[in-house]
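These notes are about the structure you will find just below.
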Amino acid sequence: MEIVISGGKVAPSTDEITTPQAAKARRIANYLPRPELLRDAIIEHNQDDNTTSIRFDTTAGPIRILLPIAQGFEFHIIHDSDTGPRILGTFRGASLSVRAVAFRISEFLRMRGLK
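By this note's numbering, the letter at position 10 of the sequence shown is numbered 437, and the numbering carries on one by one without gaps.
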C-alpha cells in the first residue's frame, strides 16, 4: 500500500509516484524476506518534506525507514512516538543491493523485537 502526505493531509496514492526514491522503496519492499513485513509495509511519500519512507506498525508504534535523498547518504530508522520522531539507527546503503537493504531492515526489526 502507498500513501501520500501533501499539505498536511494523508491520502491513499492513486497516481504512480515516479521519483527515484519511490521506485527504490517499491523494490526494497518487494524483497522483504518475511511475509508479515511484506504484508504490513506501507510506502509513504511525504511531499511536504520531499521524503519517501517505508513504514511498519510495530509493537512499539510506527517505525519508518527513511530513504536517502541522494547517493552517499544514509537510511534512517525512525520511531514516531507520542513525544515526536526519534532516530533509532542509521546505515549506509548506497553500495548495497535492494535485497541487502531489505534484509538489513528485517534484521533490525527482528533483533529489537519490533516485528
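All residues carry an ideal CB built from backbone N, CA and C; glycine is no exception.
What did DSSP end up calling Pro439 once you bin it into helix, strand or coil? On the sequence shown, position 12 is the one that residue 439 refers to. Note: Pro439 maps to strand in three-state DSSP.
Identity of the residue in Val431, Glu429 and Lys542 nearest Ala487 by Cα: In the sequence shown, counting from the first residue as 1, residue 487 sits at position 60. It is Lys542.
Contact the segment 529-542 vs the segment 457-470: 3+ CB pairs below 8 Å: yes
For His468, the nearest candidate out of Asp475, Thr479 and Phe483 (CA to CA): Your numbering for residue 468 matches position 41 in the sequence shown. Looking at the sequence shown, residue 468 is not His but Ala. Ala468 has its Cα closest to that of Phe483, out of Asp475, Thr479 and Phe483.
Should the segment 428-439 be called in touch with the segment 497-505, which here means at least 3 C-beta pairs below 8 Å? no
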